[in-house]
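As given, the protein sequences belong to chains A and B, one line each in that order.
Under my numbering, the first residue of the first sequence carries the number 42, and numbering increases by one thereafter.
Under my numbering, the first residue of the second sequence carries the number 1291, and numbering increases by one thereafter.
Following: one structure in structure tokens, then a few remarks.
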Amino acid sequence: MKIPGRKYLFLGILVIIAIFFIGGCKSEHRFVKKTSFQGADKIVIEFAGPVDKTWAENQSNYTVCEKPDPDIRLKLQQVTVSGDKKSVALTFADPLNKSRPHVVTVNNISSEGKSLGTAILNVKKFYLGYLFSILIGAMIINNFVFTKYLGLCVFFGTSQKKSTAVGMGITFTLVIVVSAMMSWFIYQFVLQPYRLDFLQIVVFIGLVSLSVQAVDTVLRKVNPLLFKAFGVYLVLVIANCIIIAVPLILADNEYNAWESLMLSLGAGLGFLIALFLMSSVRERLELANVPPTYRGLPIAFVVAGLFALAFLGFSGMSIF
Amino acid sequence: MDPVLIKLAIGGVAVLGCIGLFFGIGLALAAHKFAVEANPKVEEVLEVLAGAQ
Chain A
42 MKIPGRKYLF LGILVIIAIF FIGGCKSEHR FVKKTSFQGA DKIVIEFAGP VDKTWAENQS
102 NYTVCEKPDP DIRLKLQQVT VSGDKKSVAL TFADPLNKSR PHVVTVNNIS SEGKSLGTAI
162 LNVKKFYLGY LFSILIGAMI INNFVFTKYL GLCVFFGTSQ KKSTAVGMGI TFTLVIVVSA
222 MMSWFIYQFV LQPYRLDFLQ IVVFIGLVSL SVQAVDTVLR KVNPLLFKAF GVYLVLVIAN
282 CIIIAVPLIL ADNEYNAWES LMLSLGAGLG FLIALFLMSS VRERLELANV PPTYRGLPIA
342 FVVAGLFALA FLGFSGMSIF
Chain B
1291 MDPVLIKLAI GGVAVLGCIG LFFGIGLALA AHKFAVEANP KVEEVLEVLA GAQ
């Protein structure tokens, strides 16, 4: 039987692009078109239609805070409405910390005398540099293995030989990207609308094992050689804590599709880097003169600790 | 009990059931499509061999 692989690949790519378009276009309120930072101390909100000037210029209609600290309100200095009344610029007393997402609550939007309800808006920097900083952050600065100590069982189990370590890292990256994107989709479009957020852990675990099973089934047929090389490690991916941590972080921070992709990719590549570094050291340790009590796992833990210390050097670094 | 909570619980069971059913059928179809024909003779030969190593 011949598999029409190209057709399926094409269809898959189409579906992924469609998901990203849905994710990118998701607006928090039907009357609000766009929110963005401008200059050092301004947030601009663009509406779909003209708003009432008296309502828009009333400063008590806006509450703004940084997302991690909802109880610290930022001080508004001035509200200016543009000529066509379709956009409003909020000027603040202090410069904004643009690396953090801000939450703007707009009370009772009023347009041509009609009230359109309250909107809670997330204002974020959206450009490639921000996505890149999420990627590098998850990969190196906040490496899941060395700074958060997650996924250690698989990490120590598969880092004895370089070849298995790299194979594991690549499989892991593949699985984590697929499962994190599915979890993001289910969380945003099923769990949140039905207010079932409290079931997120159950759902995410199910999705992880689903994607592992899917990769297992497909790989067995499409590339039996690679499947044999991975062996038991493919199933071991389910028992990894990073793979469940990433969807929980995504749900917590309410990332959009691109940010989720970057975080999951960064987590997977970070795990690959960690595995590669560790396996190269452990291959040399085989030949080293290690005291008998420390041979095997104990010295591996010591080495991992040293790596973690080295990775501490990246902490506090920020890109862009 | 609060009817809102009961509604939430029943809704949760229904939604999770739907997700499970959907992905379960998907997996079953995938397994059918990508089925690997295992040769029964391989297992028979392995059984006959000593198999210590």
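Heads up, the beta-carbon is just placed ideally off N, CA and C, and yes, glycines get one too.
Keep in mind that this is a model prediction, so the values were computed, not measured.
Chain A residues whose Cβ lies nearer than 8 Å to that of residue i
| i | result |
| --- | --- |
| residue 1328/B | Chain A residues near residue 1328/B: none, gap ~11 Å exceeds 8 Å. |
Pick from the options that is closest to residue i, judged by C-alpha positions
| i | options | result |
| --- | --- | --- |
| residue 305/A | 254/A, 99/A, 219/A and 108/A | 219/A |
| residue 118/A | 56/A, 83/A, 96/A and 284/A | 83/A |
| residue 116/A | 125/A, 101/A and 129/A | 101/A |
| residue 250/A | 217/A, 294/A and 339/A | 217/A |
| residue 114/A | 143/A, 231/A, 127/A and 326/A | 143/A |
| residue 283/A | 265/A, 310/A, 297/A and 270/A | 310/A |
| residue 57/A | 294/A, 222/A and 307/A | 222/A |
| residue 354/A | 183/A, 52/A, 295/A and 318/A | 183/A |
| residue 156/A | 240/A, 329/A, 90/A and 307/A | 90/A |
| residue 245/A | 1294/B, 1295/B and 1309/B | 1309/B |
| residue 205/A | 344/A, 149/A and 317/A | 317/A |
| residue 281/A | 112/A, 111/A, 194/A and 357/A | 194/A |
| residue 154/A | 329/A, 346/A, 95/A and 48/A | 95/A |
Listed by chain order, chain B residues near residue i by CB distance under 8 Å
| i | result |
| --- | --- |
| residue 235/A | 1301, 1302 and 1305 |
| residue 261/A | 1324 and 1326 |
| residue 240/A | 1302 and 1306 |
Within 7 Å, strictly: CB atoms of residue i and residue j
| i | j | result |
| --- | --- | --- |
| residue 120/A | residue 137/A | no |
| residue 228/A | residue 286/A | no |
| residue 186/A | residue 196/A | yes |
| residue 1324/B | residue 212/A | no |
| residue 364/A | residue 1326/B | Shown here, chain A extends from 42 to 361; a query on residue 364/A therefore has no answer. |
| residue 321/A | residue 200/A | no |
| residue 1303/B | residue 235/A | no |
| residue 127/A | residue 88/A | yes |
| residue 81/A | residue 122/A | no |
| residue 273/A | residue 253/A | no |
| residue 164/A | residue 145/A | yes |
| residue 226/A | residue 139/A | no |
| residue 104/A | residue 162/A | no |
| residue 313/A | residue 210/A | yes |
| residue 215/A | residue 303/A | no |
| residue 160/A | residue 70/A | yes |
| residue 224/A | residue 288/A | yes |
| residue 152/A | residue 243/A | no |
| residue 299/A | residue 169/A | no |
Partners in chain B for residue i, counting only beta-carbon separations shorter than 7 Å
| i | result |
| --- | --- |
| residue 254/A | 1317 |
| residue 258/A | 1320, 1321 and 1324 |
Beta bridge counterpart(s) of residue i as assigned by DSSP
| i | result |
| --- | --- |
| residue 130/A | 85/A and 121/A |
| residue 77/A | 85/A |
| residue 148/A | None, per the DSSP bridge assignment. |
| residue 1329/B | Per DSSP, none; premise fails for residue 1329/B. |
| residue 156/A | 151/A |
Straight-line gap, residue i to residue j (C-alpha atoms, nearest Å)
| i | j | result |
| --- | --- | --- |
| residue 1307/B | residue 1301/B | 10 Å |
| residue 1297/B | residue 233/A | 16 Å |
| residue 174/A | residue 180/A | 10 Å |
| residue 124/A | residue 248/A | 49 Å |
| residue 66/A | residue 53/A | Note that residue 66/A has pLDDT 47, beneath the 50 cutoff, so the model's placement of it is unreliable and no number is given. |
| residue 294/A | residue 255/A | 28 Å |
| residue 352/A | residue 198/A | 21 Å |
| residue 1317/B | residue 260/A | 14 Å |
| residue 150/A | residue 108/A | 21 Å |
| residue 307/A | residue 315/A | 12 Å |
| residue 230/A | residue 350/A | 40 Å |
Chain-ordered neighbours of residue i on chain A, where CB pairs are closer than 9 Å
| i | result |
| --- | --- |
| residue 1309/B | 227, 231, 244, 247 and 248 |
Residues that residue i contacts on chain E, provided the C-beta gap is smaller than 7 Å
| i | result |
| --- | --- |
| residue 1313/B | No chain E appears in this structure, whose protein chains are A and B. |
Neighbour list for residue i in chain A, Cβ cutoff strictly below 7 Å
| i | result |
| --- | --- |
| residue 1298/B | 236 |
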